[in-house]
Amino acid sequence: MKTCAAGNAKKKKRLADTVNLNGEWDFTYTPASRENVPDLPDGSAFASRIAVPGFWDDQLDGFRKAKWFSSAEFKPEGPATTREYLYGIGWYRRFIDVPPSGKERNVILGISEILHYMHVWINGKYLGSHDCYARAFR
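If you count the sequence shown from 1, position 47 lands on 46 in numbering that gives the first Met the number 0, and the numbers rise without skipping.
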């Protein structure tokens, strides 16, 4: 997350606190949903870990012992891939501490490298969705 405090043109811009969200995240999977907004999984479902940034298909070996793996849906290889790929909803969860100054101003969450469609929740509250296919959004 990056926020910027704007001053007058003669003052040097200063970047506010930045929290880098790269690293290990909690992860779970559910089959593809036809619902407009899928139900947020129970917290106990997030028993796997995933490296971010990274593609879940590159990390399948780490998921093979997860409860959800035996019911996971795979699609056959396609024009952009030479192997089967995991098809469904990947759920990523991360706990962070917002710096104290962030509690008194707007905080911007920047997300990028999502391969298709996403829904975002913060503290269990649904914020919205974005059809982004690898485009960054805030």
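The beta-carbon is built from N, C-alpha and C at its ideal position, and this holds for glycine as well.
Fair warning: this is a prediction, and the values are worked out from it, not measured in the lab.
In this structure, the alpha-carbon of Gly123 lies about 10 Å from that of Asp41. Approximately 17 Å separates the beta-carbon atoms of Pro37 and Ile110; this is outside 8 Å, ruling out the contact. Collapsing the DSSP output to three states places Phe73 in a strand. Runs of beta strand (DSSP E) with 3 or more residues, each lying fully within the region 13–66, are found at 22–29, 47–51, listed in chain order. For Asp56, the closest of Asn35, Tyr28, Ser32, Ala44 by C-alpha to C-alpha distance is Tyr28. For the pair Ser43 and Ala65, the CB atoms are not nearer than the 8 Å cut-off. Each of Ser69, Gln58, Val97 was checked against the Cα of Thr17, and the nearest Cα belongs to Val97.
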